[in-house]
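**Q** Pasting a structure here, questions to come.
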Amino acid sequence: METTDLRHPTLSEILLDISPSPWTLRAFMAHLSQRHCEETLEFTLDAENYAFVYNQLATKSPMQRDRSDRVISSWQKLIQIYIAPGGPRQVNMSSRERDHLLNLPCGPPAPHPSELAESRRIIYNLMNDSILVPFLESVSPMQHESPLEERIPSPDIHPQPSVGWDAAQSVSSRNARESEGSVDNGNRNSPLSDSVLHISPGGFHHVIAACKRYWERVRRYATLHP
Numbered sequence: 001m002e003t004t005d006l007r008h009p010t011l012s013e014i015l016l017d018i019s020p021s022p023w024t025l026r027a028f029m030a031h032l033s034q035r036h037c038e039e040t041l042e043f044t045l046d047a048e049n050y051a052f053v054y055n056q057l058a059t060k061s062p063m064q065r066d067r068s069d070r071v072i073s074s075w076q077k078l079i080q081i082y083i084a085p086g087g088p089r090q091v092n093m094s095s096r097e098r099d100h101l102l103n104l105p106c107g108p109p110a111p112h113p114s115e116l117a118e119s120r121r122i123i124y125n126l127m128n129d130s131i132l133v134p135f136l137e138s139v140s141p142m143q144h145e146s147p148l149e150e151r152i153p154s155p156d157i158h159p160q161p162s163v164g165w166d167a168a169q170s171v172s173s174r175n176a177r178e179s180e181g182s183v184d185n186g187n188r189n190s191p192l193s194d195s196v197l198h199i200s201p202g203g204f205h206h207v208i209a210a211c212k213r214y215w216e217r218v219r220r221y222a223t224l225h226p
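Per this note's numbering, the sequence shown starts with residue 1, numbered consecutively.
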């Protein structure tokens, strides 16, 4: 197949690392780093990690104190890093949503993962609407690596076959709702298909670990080569 026949991948495909070269997850992470907005992907992964930890430990009945403390600690770190004003990786969202998350009691019990549904939708749409197109246009099908990529070792990212990302459907459905004037104004019990990763446990943690290793390499490279 000629390179001119390559279609642009969706954000979902990129985040699951199933997109064709040169639009790989590794290239996308390098692009985020160059634009100093890697916190968008990091928040998405850490929010999914919180949901995973919550659901894993909440199924243990009754939840032991140490397990409850672990979930609460995960929530507190998420808020301190990404939501609290002045946080080291504060993400961009409406003051209404930020205040909602900041005002939630940390527990016990820990907040349900559905409380993060709106913020995850916001961040996903931010990546899809503001970051994806510049990324796709920044590399050509003939270009296999960006200058930053080719100097940084690639992480091993091999998601399990049983992965899926429903968020790709969020943009079209959101636009349809907006055009009809029927946007959901805060029902946090609605389905999370707008911005939820559905990754098998093994595949999810492999992706998270690989991404974190890559960020460490990027930051180390930036420190050594200002």
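For each residue, glycine too, the CB sits at the ideal point set by N, CA and C.
Less than 9 Å between the C-beta atoms of Thr10 and Ile123, yes or no?
**A** By 1-based counting over the sequence shown, the position of residue 10 is 10. By 1-based counting over the sequence shown, the position of residue 123 is 123. Cβ atoms of Thr10 and Ile123: not closer than 9 Å.
**Q** Assuming Leu102 and Ile83 are in contact, meaning their beta carbons sit under 8 Å apart, how far apart are those beta carbons, in whole angstroms?
**A** Position 102 of the sequence shown, counted from the start, is the residue given in the question as residue 102. Position 83 of the sequence shown, counted from the start, is the residue given in the question as residue 83. With a Cβ gap of about 6 Å, Leu102 and Ile83 count as contacting.
**Q** Leaving out five residues on either side along the sequence, give the residues of the same chain with a beta carbon under 6 Å from the beta carbon of Ser119.
**A** What you label residue 119 is simply residue 119 of the sequence shown in a count that begins at 1. Taken in chain order, the residues that qualify are Met93 and Glu97.
**Q** Leaving out the 5 sequence neighbours to the left and right, which residues in its chain are closer than 8 Å to Val24 when beta-carbon positions are compared?
**A** Along the sequence shown, one-based indexing puts residue 24 at 24. One point to set straight first is that residue 24 is Thr, not Val, in the sequence displayed. Ile14 and Asp17.
**Q** Does the Cβ of Glu137 have 16 or more other Cβ atoms within 10 Å, making it buried, or fewer, making it exposed?
**A** Along the sequence shown, one-based indexing puts residue 137 at 137. Result: exposed.
**Q** Determine the DSSP secondary structure at Pro113, reduced to helix, strand or coil.
**A** Counting from one through the sequence shown, the residue named residue 113 turns up at place 113. Correct three-state label for Pro113: helix.
**Q** If contacts are defined as beta-carbon pairs under 8 Å, then Leu116 and Ala47 qualify, I think. What distance do you get, rounded to the angstrom?
**A** For the purposes of this step, residue 116 is identified with residue 116 of the sequence shown, where counting begins at 1. For the purposes of this step, residue 47 is identified with residue 47 of the sequence shown, where counting begins at 1. Contact holds; Cβ gap of about 5 Å.
**Q** Does DSSP put Asp129 in a helix, in a strand, or in coil?
**A** As a working note, residue 129 is residue 129 in the sequence shown. Asp129: helix per DSSP, three-state reduction.
**Q** If you scan the region 48-95 from start to end, which runs of the alpha helix (DSSP H) of 4 or more residues do you find wholly inside it?
**A** If we require 4 residues or more, the alpha helix (DSSP H) runs fully inside the region 48-95 come out as 65-78.
**Q** If distances are taken between C-alpha atoms only, which option among Val53, Phe28, Val91 and Ser33 comes closest to Pro113?
**A** Position 113 of the sequence shown, counted from the start, is the residue given in the question as residue 113. Taking only the C-alpha atoms, the option nearest Pro113 is Val53.
**Q** In angstroms with no decimal places, state the Cα-to-Cα distance between Ala27 and Gly87.
**A** Residue 27 sits at position 27 when you count from the first residue of the sequence shown. Residue 87 sits at position 87 when you count from the first residue of the sequence shown. Answer to the nearest angstrom: the Cα atoms are 26 Å apart.
**Q** Classify His158 as buried or exposed, calling it buried when 16 or more other Cβ atoms lie within 10 Å of its own Cβ.
**A** Here residue 158 corresponds to residue number 158 of the sequence shown, with the count starting at 1. Annotation note: pLDDT 36 at His158 (below 50); position unreliable, coordinate value reported separately. Under this definition His158 is an exposed residue.
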